[in-house]
Every structure is written in structure tokens, then in C-alpha cells.
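Position 744 of the sequence shown, counted from 1, bears residue number 737 in my numbering, the numbering being contiguous throughout. Where is the CB? At the ideal position from N, CA and C, for every residue including glycine.
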Amino acid sequence: MSFFGLDCVRKKERELERKIRANDREYNLSFKYATNAIKTSKYNFFTFLPLNLFEQFQRIANAYFLFLLVLQVIPQISSLSWFTTVVPLILVLTVTAAKDATDDINRHRSDNRVNNRKVQVLIDRKLRSEKWMNVQVGDIIKLENNQFVTADLLLLSSSEPLNLVYIETAELDGETNLKVRQALPVTGDLGDDIEKLADFNGETVNTHAHTQFFHIDRLMNVLVIFIFGFLAFMCSVLAIGNYIWEKNEGSQFTVFLPRLEDDPAFSSFLTFWSYVIILNTVVPISLYVSVEIIRLGNSFYIDWDRKMYYAHNDTPAEARTTTLNEELGQIKYVFSDKTGTLTQNIMIFNKCTINGKCYGDVYDYTGQRLEINEYTDTVDFSFNPLADSRFVFHDHSLVEAVKLENTEVHAFFRLLALCHTVMAEEKKEGELFYQAQSPDEGALVTAARNFGFVFRSRTPDSISIVEMGKQCNYELLAILDFNNVRKRMSVIVRSPEGKLSLYCKGADTIIYERLHQSCSKLMDVTTEHLNEFAGDGLRTLALAYKDLDEEYFNQWIQRHHEANTALEDREDKLDQLYEEIEKDLLLLGATAIEDKLQDGVPQTIEQLSKADIKIWVLTGDKQETAENIGYSCNLLREEMNDVFIISGNSLEDVQQELRNARTSMKPDAAENSEFLPEMDKGVKVVTDEVVNGEYGLVINGHSLAYALEHSLELEFLRTACMCKAVICCRVTPLQKAQVVELVKKYKKAVTLAIGDGANDVSMIKAAHIGVGISGQEGMQAVLSSDYSFAQFRFLQRLLLVHGRWSYLRMCKFLRYFFYKNFTFTFVHFWFAFFCGFSAQTVYDEWFITLYNLMYTALPVLGMSLFDQDVNDVWSFQHPQLYVPGQLNLYFSKKSFFKCALHSCYSSLVLFFIPYAAMYDTVRDDGKDIADYQSFALLTQTCLLFAVSIQLGFEMSYWTAVNTIFVLGSLVMYFAVTFTMYSNGMFTILPSAFPFIGTARNSLNQPNVWLTIFLTSILCVLPVITNRFLMIQLCPTINDKVMFKVRQAKATPAPPTQRARIRRTSSRRSGYAFSHAQGYGDLVTSGRFLRRPALTRSSGFTHVGRTTTSFSPMGRSAGYSPTGRPQNNKVPNVEVTSLQMYRTITDSAP
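1. What separation, rounded to the nearest whole angstrom, lies between the Cα atoms of D681 and Q323?
2. Reducing DSSP to helix, strand and coil, say where D145 ends up.
3. Note down the Cα distance separating I989 from N976, rounded to an integer number of angstroms.
4. Between E285 and T315, what straight-line distance do the alpha-carbon atoms span, to the nearest angstrom?
5. To which residues of the same chain is E650 closer than 7 Å at the C-beta, ignoring the five residues directly before and after it?
6. Can you give the Cα-Cα distance for E555 and T452, rounded to whole angstroms?
7. Determine the closest residue to C722 out of L644, I622, L149, with distance taken between C-alpha atoms.
8. Less than 8 Å between the CB of D592 and some heavy atom of the ligand HEM, yes or no?
9. Taking 9 Å as the threshold (beta carbon to beta carbon), is E460 in contact with chain C?
10. Mind checking whether A604 and L321 have CB atoms under 9 Å apart?
11. Taking 6 Å as the limit between beta carbons, can you name the residues of its chain near A535, skipping five residues before and five after?
12. Pick from L735, N1019, M658, C716: whose alpha carbon is nearest that of V678?
13. So what does DSSP say about S261, is it helix, strand or coil?
14. For a test of the three-state rule: what should DSSP assign to L707, helix, strand or coil?
15. Roughly how many whole angstroms lie between the Cα atoms of H695 and V863?
16. Rounded to whole angstroms, what is the Cα-Cα separation between L183 and I31?
17. Looking only at C-alpha atoms, which of I762, F946, F971, L960 sits nearest to R1020?
18. Provide the residue span of the alpha helix (DSSP H) that contains K566, from first to last.
19. According to DSSP, is W609 helix, strand or coil?
20. Keeping to the same chain, check which residues put their C-beta closer than 6 Å to that of P309; ignore five residues upstream and five downstream.
21. Between the C-alpha atoms of V724 and R655, what's the straight-line distance to the nearest angstrom?
22. Start and end of the beta strand (DSSP E) containing D1032?
23. If you count every other CB in all the chains shown that lies within 10 Å of the CB of K813, and 16 or more means buried, which is it?
24. Which word fits S704, buried or exposed, when buried means at least 16 other C-beta atoms lie within 10 angstroms of its C-beta?
25. By Cβ distance, which residues of its chain are closer than 6 Å to N693, with the 5 residues on each side in sequence left out?
26. So, L44 versus Y36, is the Cβ gap smaller than 9 Å?
27. Taking Cβ to Cβ, would you say E575 is nearer than 9 Å to R630?
28. Use the C-beta contact count for R106: other C-beta atoms within 10 angstroms, 16 or more gives buried, fewer gives exposed.
29. Using the C-alpha atoms, what's the distance from Y974 back to A992?
30. Quick check on DSSP: helix, strand or coil for C626?
31. Out of R407, K135, F376, N318, which one is the CA nearest neighbour of E393?
32. Select from G689, Q933, R808, T89 the residue whose C-alpha is nearest the C-alpha of W1002.
33. Can you look up V112 in the DSSP assignment and give me helix, strand or coil?
34. Whether or not the stretch 847 to 865 and the stretch 260 to 274 are in contact is what I'm after, with contact meaning three or more pairs of Cβ atoms, one per stretch, closer than 8 Å; do they touch?
35. In the DSSP assignment, the alpha helix (DSSP H) including K737 goes from what residue to what residue?
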């Protein structure tokens, strides 16, 4: 294969066009196009330090502490040494820089790995091996099978027939299905002839191409702003106090404290800035770094969780972001796709109805329908050498009808073999591999293949199939492709006999509107069959055809060509022509494809429902299918008081149906929506309304379009939010995103969207949190998500365990972090009233420096990484534990102010108890102990014990690590204190270590330890009292469950009960094509080279009307777009209720 390399251009000014010549590097270099080297890194060796520091000082906390450092170098202001601010600031900057450097090094490695891949480039009429980074614009390169592509390319020629190539874009968009591309006819003849390619002088002209904060973070930002305001208030109070003190008392101290100027106002101004420095610990510089460390640790827990690992396809759970873990513990609304998310997206041809007769069920000799299991006999397809051995079907009567050459049955499977955009690949004689745009199409074409109508190959203007052993070539005249509006697909072909026919398949409601009136009776019977299929939750397609008049078709195809080449309104003109010809169709029947539920879906939905999480399913399937799946997966339950169906065809009808539903749920409901008094960015927040009982809501896409209009959106939202479950069916990807945005806009709640396909990307991006399922539809949803895993059932563990623990830990961390910092700071405030507002510190400078870095850092991180109120088993046993997170009960503005009041109380105790204990006190030997240094040591020791004991009360789950962190920090404090206050340190640097001998002279006194014990008890006494009264009088759900845990410690937790899966049998079913545009334009493209297809033997034994003996059985066939066998029964493995494998018997050749 030869390619003409193109590349992006880095331009300084707007371009109108770009000119590129092949094999002319000198010409292309004159335009100064960008190189082909990939660069995703941000820094290099020289720019890392300045750029990283610039980025870090854009954060307000870091900039604030840099400002403090400047103030500290002013002697008239600062009473603290510079290192008290420099050391914490440097540590924070270093940790952040190390993290950024590590990330950038990984990006550099990734870039180098891609840039250094080798490729063959045509240079000076010879193929040379070059690195991809050295490929230049206009170079012709040669690619071979399974070779990576790291540039934008224009295909010149291919060694494959018709100059086709199949590319996999997994590294670009995650899609594993092969995409088809074709070379231009004018360049296709170049082949791999080096001389021709070297002489190629083509030129291309390219026209110019146009090129969320979350709850905890928002709350933290608000609180930090409040803290800044409170800091300014405290400094102002102390500055005013200094002014009053200087005016009344300051002059009496000039003998002891001589100063050049005696201006109380100027002294007050300097005091304000001095206290800004001293009280700076009220602004938590290390808060954001600690939060990032906690989030990173909790993200690793998700990545490492073996219970969220799916061994079937070797897929672990992945936290693709580290900033949303605690938000997982606050989810109120889950928006889920159906196909591939709740279901497996492995399509199985299960049943069909042809000319009024239903096939696929199995009956015994009495006429009773039997349940199909892995022991049910399967149809023998050995008569068909081209059959897919993975295909399984049980109803022998259908293959019998095929062999008897039933006209309608043959027409049915002929339609399936012709009406599609599947690409066939035949590497060996008789070994066919299908590349399908959607699993539905692949399953249908595979079914036709096994029943004797084998799609073999295609060209732009023909389709080759084998009909019961006979090779047939159909002339492909037009493809009327599928899209989200049409919801159907048609092909116009000419048979080998010269007969013109249109074959159409699509949604039954769409096909029914276009049927000839003579099909009314057949339509009624087919509708009954569709209702039966719906009882099994099957996805349906209706099939129809019509014979075309030659004269009319010639006139129509001429108008089609004109519309197809129109420069304006092309799509509208084509749609009108499609509508015109797709009329008066004759109904053939319908297919029913099974898309099984994933394992554990009903149990997961039941658990999430118990956690008061409302689940909305947004699917492209028709109403009956979605409704039936809703019952199957426990989203809708028979115990519900009512399930409302919204299907109005006008704005007024939809509005009335919504009002009727709301009145049924809450008869006394007000006409207008109720709003919370607070506003969120100027938008009112709709309140939650309590209803008696449980209700469900099902709304179709047509009605949803009206419900999402501005005049009706609040009515829809209010009614839907009163329901326990909501199903929106026949919705487009845009409508999915609109529904999510509506809830985000008016509900004060955290939303999560989960899906597996490209059509779910908009919904995933619209929600606060996006979860991608790595399933059969590629990886686009995963690449757009915040979290990913392989099965929907893992969602309950992500939310009820990891999410709840992360939220609980983060809230405990914030409460304790603010408590310890506020308590530390407020003691300075009280001391100011006893030191003449002189900005003298109450603690030793080294204690101030090491308090947050060494003495209290590890204990709080240990709690934030390892704490849990109950284990994962009890979390599943009591999903109601999740509710406090939805209500923000663990940390809010109210909790913050409670924390501040508690800190204020503790600071009063920590200052005045040691002050009173040392006032006029002497040592055992009669020497004075009431000096500043001894008081400072006693106060800081009391503080450290008080906050450590408080941390112990906060922790619910003690581990060896937590214990070592807490006790080790206390040991570290005494070791550092005795070292800092030793004679040796004073001798080395007297000015930095003035507290010589204070530790050994004070801490050997019994009254000092008694004071420490008394202050510790008084600090935690209100906490103990409050918790005792709350547990006794109004225990929370956490208190109740933890009490059960203590009672049941000696016995294991009871196993989770499996919920019974309920089904109905009265609901219609539906289908879903891929939401992407079809391949019709490519297949029929005039740019295809008309190379004849390879001549193949049919490999088919024609059996005519010969029959084979069969047992009266029926059902079904499996297809996977990846080509892997499905539903293989694992030998010697016990079958569980959630995993039923069917036996697949390879047909004898």
C-alpha cells in the first residue's frame, strides 16, 4: 500500500488554503509546515522550573504564602523567622512539582515511543526506513499489514482488490471494528511500482478548516474565601487592640522597649500585617496538596479492586480521573444506556415471523411450548458448507421450510443477505468473516448465511450471494441508507433474471406506515407475533419489499443523481426521494434478536434503588422493548403503585399526561413547581417532592421532544423526579444529553451517566460523572469517561463502597483539618490579649514550622486513606448508608461552622488551662516555672495531645498503619523537641534554638503532665457528650449499622439475597441500529475501481427439496462483531443462575 502523507500546519495567521506536492520536499518546506513529531509533554529540562513555578503560583494559596514570605523579610512587621513559611511552602511546591514532573516524563516516554516507530519512505526514488517523526509533508510512504500509522494520510493505492484497505482506529478513538477506506481511481493503478510512485507529482489543495467544578471543590473554595475574610477580621481586631494598648499603656514600656517612633496608628498598621503572618495557619496551604494525595490514593483502590476485574476479557476497573472520587458518594441520579450497558450487546438471532408464521419456539408432541436450555437439540446445518459453526438455532421447521423452497421464506432470507452494509472478508476458501457496522446487522446476515443465503462479497455496484448453493450476482443500483430520522434502510437491486426490487428493513412502526393496504391482515398477525417477542425482551425489525417498474426507476434514479450532487439541501432532497419510492411495500415478516441482560444487572439496580438513587434509562430502542427490559432488570416492578406511559403527539397532550401522572402520585400537588430559596448561578433549584408509594415513568422520544421544550421542561422534570424510575425510549444522543442537562440545571444533585457506545458520549460528558463500559461497541464511551469497567454490576461497588468510603474519608479529613488548624491559630488570638498585642507567638518557631508538616500530617492522611465505618459486605447489606452523602450530611457549611465553634472552645481550653496552671507556680525544687518558654512548651504539647485524641475519636477503623502514624507522630514530637531544646543545638546556632533546656526542665514536673491530661479531657468532653446523646436520642443510619456490626463481629455477615427477576409477556419489542451514519455512501461510491471479484466455487451442495429428519425444537444464533465465538459452554463448570451457557456443536463439513 502506498500513501501520500499529509500533516497539520502550525500557522501564525489565518490560511485560506494549503498546497502540498508529492515527492517535493523542497517545495513543501517553503511553507514551513509543522513536523510530524508528536509532542504532548508540557516541559523540557530548561523550562520545567520556571513554567511549573509560574503555574503553581497562579493558585491563590501559594501566591498568598509567597506574599507572607515577602512580609517576613521586613523586620518591623515580622516576629517570625523566615523558615516558618519557607519550609512549608517549599515542601508543597516540591511535592506538586515532583508529581508534575513524573506525569511529564511519562508523556515524554509516550511521545518518544510513537515518534521513533519506523516506516518506509520513498526518498530519491528508493524506499528508506525512517522514523515517523522525520516523515515530512508530501512524502510517499509504504505501509504493511498491522503497522502503526501516526500521520494524516491520503490513500493512493492498495494491494487489496478494489484498492480497499481496512484500518483499525483503536489508538485514536478506541474502536476495534475495522473501517473501510478506498483509493481514488486515478491513483489506484500506481500499485506498488516504485518507479511510478517516484514519478507521481500530484498536488492537493486543502481549504481552511475551523479549528466543571464539583461539590466538594466548590464548597472548599467558598470556605477558603470565608477564611480569608475571617483572617482579615481577626487581624483588624488585634490591630485595633494594639492601637488602644499603645495609646493607653505603650508609653509606660518605652523604658524597657525603646523605639524610634511613638505613633499608635503606625504601630497598629504594622501589627495588622504582623498578625497576618502569625495567623496564616488559618489558611491551609497544605490543604490542596493533601486533598490530591487522598484522591490519588482512593483512585488506586479502584484500579486495584479485584472484585471489579472482569476476567472474561481481562478488563480491570480504571479511575481515569483523580478529582471525582468523593463525588461518587453523593450520586442521586444515574442515567444509563440500555444496549451494551444493561445488556450484553451480543446479538442472537432468536426468532422470526415469515408470512404470518412464527419460527423459533420449541413445542413438545402435545403442542406445549418448551423452555430452551443448553440441552435442547440444535438444527444441523451440515448441508451448508458455508454455515457459521457458531450459529445456534433450535427450530427445525424453519430450515425445513428453506429446503422445501418456500417462496416467502426464501424472499425473507434473500432480503437479509442483500439489505445491509456489511463487508465480507474471505481469507481462505469458505472461511467468511463479516465486518458489521452494528451487532444487529451482523447477526441478521449470519442468520441468512446459515439458512442458505450466504453473502459472499460486494463491489460498489454488485452484491454476490450464494442462494442454496447457487452463485448469484445482484446489481446494486442504490442504497437508501439508515439514519436516526429514517430508522430504516433500503437497497434497490436487479436480480440475475433482470427483475428490479426494493428491499427494506427497519422499525416496525416505520415500515407499517409504508405498507400496501393489501397487507392489513398479515400486518395484524405479525403484530401479534411482535407482541409475543416483546414478552422475551427481543429487538425487532420488520422486513418488506416491492417490485419496481423499469421506466419509473430510470426516471427516479436520474432525480436521485441530481439530488445526490446538489450543493444545497442535498439531504432534504434525498429524503423526499426516499419517501417517494419507499411506499406500497409488501410485508415479508419480522426478525427478533435477543440482547441478553448482563450478569447481576437486576441485583445492582435493586441495590442502587435501596440507596435512594434514581435510575433513568435513556435508550434508542422502542417503547415496548425498553419497558420489558425495565421489568426484567428490576427497574420497573410489579409492586409499584403505577407506571405512567407518556406518549402524547402534541405539546398539549404531553402536558396533560404529565399533569395527570403528577396528580395521581400527589393529589394535593401545586400547579406550579416549587423552588428552593437559594439560587445556583441564577437558576432556581426545584425541590424534591415526597410521594406515597413508588411509581415509574415511560416516555417515548416523540413525546420527550415536547417535554424538553422550555415551556414544559419543568413540568416534565417535576413529574419524572417524583418517580422511582424513568425510561426514555427512542431517544437520540442529543436528547440523552438534554435530559441530563435538565436535571443538572434544576436539581441540586450529583448526576452520573453510564454507557458503552459512541452514541452515549454526549450523555457521559453532560453528567457530573461519566462511566464507560468497555463492551462490544468500541471504546469511545470509555475514552470520554471518568471511570470505566467491563460490567454494569460493578457500578454498585463503585458507588456503594468506593464512592461512599471516599466521600466519608474526605469529609472526615476536611473536618479534622480545619479543626486542628483553627485550634492552633485561635490560641495565638487569645494570647494577643496578654502580650500587649505585640504579635508575639505563643509557640516555639520550630513547632510552628513542623506542626502541619511532621506532627499532624501522617495521622490525618492515614485516616483519610484507610478509614471506613463498615466494610464492603455491610455496605451492600445496608445500601441506605449511602443516603447521607446525597444529603451532604458529613460536610457542609453547617458542619464547617460547628467545627469552627469546636476549635474556638478547644483553643480557649488550651490557652487558659495551661495559663492558669502555670500562674504563680513553682517547680518541685522551689524554682520558678512560670516563664514564656515553659508556657509555650506546655501549650503546644497540650495542643498536640488534644488533636491526636480528637483524631482517634474520628477514626472508625484502626489499622496498624494508622496506629503507627498516630503514636509515631507523638514520639517524633518528643524526639524533635528534646533535640531542638538541647544544649548541643543551642551551641551550634543560638539564635535559631533559644529554648535551651526547656523540655527537660518542664516535662519532668507532675503538674505539667496533669495539665496536659486535664486539657485533653476538657477538649474532647463535648465531643463525647454530644455523640453519646445523639446515639441515644436520634441515632443515624451509620450508628445503627455500626451497632449491628459490633453485635455480629463473631459471626459472618449474612449473604446477599438474590432478587427474583420478573418478566411480563404483554409488551412490544424493538430494535436499534447503530447511531452512526451507515456505510451506504462508501459502498456505492463512484470512486470505486471496477475490478472483478475473485471467482470462487460456491462450496455448496444443492439439496433441492430433500428433507432431513428433525426434532420439533427452536431458537437461536449468536453473532459478535469481533468475530469471537459467543456462548461457548465452559467444560466442567457448574452453571449458575446468572450464567447460562448454551452448547455449541460444530457442524461436520
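According to the structure shown:
1. Stepping through the sequence shown from its first residue, residue 681 is reached at position 688. Stepping through the sequence shown from its first residue, residue 323 is reached at position 330. Going from the Cα of D681 to the Cα of Q323 covers about 16 Å.
2. The residue given as residue 145 occupies position 152 in the sequence shown. Assigned with DSSP and collapsed to three states, D145 falls in strand.
3. Here residue 989 refers to the residue found at position 996 when the sequence shown is read from its first residue. Here residue 976 refers to the residue found at position 983 when the sequence shown is read from its first residue. Straight-line Cα distance between these residues: approximately 6 Å.
4. Position 292 of the sequence shown, counting from 1, holds the residue named residue 285. Position 322 of the sequence shown, counting from 1, holds the residue named residue 315. When rounded, the distance between both Cα atoms is 8 Å.
5. For this step, residue 650 is matched to residue 657 along the sequence shown. So the list reads I639, G641, once near-sequence residues are dropped.
6. Along the sequence shown, one-based indexing puts residue 555 at 562. Along the sequence shown, one-based indexing puts residue 452 at 459. Cα to Cα, E555 sits roughly 23 Å from T452.
7. Stepping through the sequence shown from its first residue, residue 722 is reached at position 729. With distances taken between Cα atoms, C722 lies closest to I622.
8. Ligands in the displayed structure: none, and consequently the ligand HEM is not present.
9. Among the chains in the structure shown there is no chain C, since it carries only a single protein chain.
10. As a working note, residue 604 is residue 611 in the sequence shown. As a working note, residue 321 is residue 328 in the sequence shown. No, Cβ-Cβ distance for A604 and L321 is not below 9 Å.
11. The residue you call residue 535 lines up with position 542 of the sequence shown. Closer than 6 Å at the Cβ level, and outside the excluded window around A535, lie D501, I504, A583.
12. For the purposes of this step, residue 678 is taken as residue 685 along the sequence shown, with counting starting at 1. When only C-alpha atoms are compared, the closest one is L735.
13. As a working mapping, residue 261 is identified with position 268 in the sequence shown. Here S261 sits in helix by DSSP.
14. Counting from 1 along the sequence shown, the entry for residue 707 is found at position 714. Helix, per DSSP.
15. Stepping through the sequence shown from its first residue, residue 695 is reached at position 702. Stepping through the sequence shown from its first residue, residue 863 is reached at position 870. If I take the Cα positions, the gap works out to 46 Å.
16. Within the sequence shown, the letter at position 190 stands for residue 183. Within the sequence shown, the letter at position 38 stands for residue 31. If you take the alpha carbons of L183 and I31, they lie about 30 Å apart.
17. Taking the first residue of the sequence shown as position 1, residue 1020 is located at position 1027. Ranking the options by Cα distance to R1020, first place goes to F946.
18. The sequence position of residue 566 within the sequence shown is 573, counting from 1. In the DSSP assignment, K566 falls within the alpha helix (DSSP H) that extends over 563 to 574.
19. Here residue 609 refers to the residue found at position 616 when the sequence shown is read from its first residue. Under the three-state reduction of DSSP, W609 is assigned to strand.
20. Numbered from its first residue, the sequence shown carries residue 309 at position 316. Y302.
21. Reading the sequence shown from its first residue, position 731 is the one you call residue 724. Reading the sequence shown from its first residue, position 662 is the one you call residue 655. Across the structure, V724 and R655 are spaced so that their CA atoms are roughly 23 Å apart.
22. Walking along the sequence shown from the start, residue 1032 turns up at place 1039. Element bounds for D1032: not the beta strand (DSSP E) but the alpha helix (DSSP H), 1030 to 1040.
23. As a working note, residue 813 is residue 820 in the sequence shown. Buried, by the Cβ-count rule.
24. Numbered from its first residue, the sequence shown carries residue 704 at position 711. Classification of S704: exposed, given that the 10 Å Cβ count is below 16.
25. Translated into positions along the sequence shown, residue 693 becomes position 700. Excluding residues within five positions, the ones whose Cβ falls inside 6 Å are Q616, S640, C722, R723.
26. The residue given as residue 44 occupies position 51 in the sequence shown. The residue given as residue 36 occupies position 43 in the sequence shown. Note that the C-beta distance between L44 and Y36 is below 9 Å.
27. As a position in the sequence shown, residue 575 is number 582, starting the count at 1. As a position in the sequence shown, residue 630 is number 637, starting the count at 1. No. Outside cutoff.
28. In the sequence shown, counting from the first residue as 1, residue 106 sits at position 113. Around the beta carbon of R106, fewer than 16 other beta carbons lie within 10 angstroms, which makes this residue exposed.
29. One-based indexing of the sequence shown puts residue 992 at position 999. One-based indexing of the sequence shown puts residue 974 at position 981. Separation of A992 and Y974 (C-alpha to C-alpha, rounded to the nearest whole angstrom) is 6 Å.
30. One-based indexing of the sequence shown puts residue 626 at position 633. Looking at C626 - three-state DSSP - the assignment turns out to be coil, as it is neither helix nor strand.
31. Numbered from its first residue, the sequence shown carries residue 393 at position 400. Nearest to E393 by C-alpha distance, out of R407, K135, F376, N318, is F376.
32. Numbered from its first residue, the sequence shown carries residue 1002 at position 1009. For W1002, the nearest C-alpha among the options comes from Q933.
33. As a working mapping, residue 112 is identified with position 119 in the sequence shown. Here V112 carries a strand assignment [DSSP, helix/strand/coil].
34. The stretch 260 to 274 makes no contact with the stretch 847 to 865, as fewer than three CB pairs between them are under 8 Å.
35. As a first step, residue 737 must be located in the sequence shown, where it is residue number 744. Element bounds for K737: 726 to 739.
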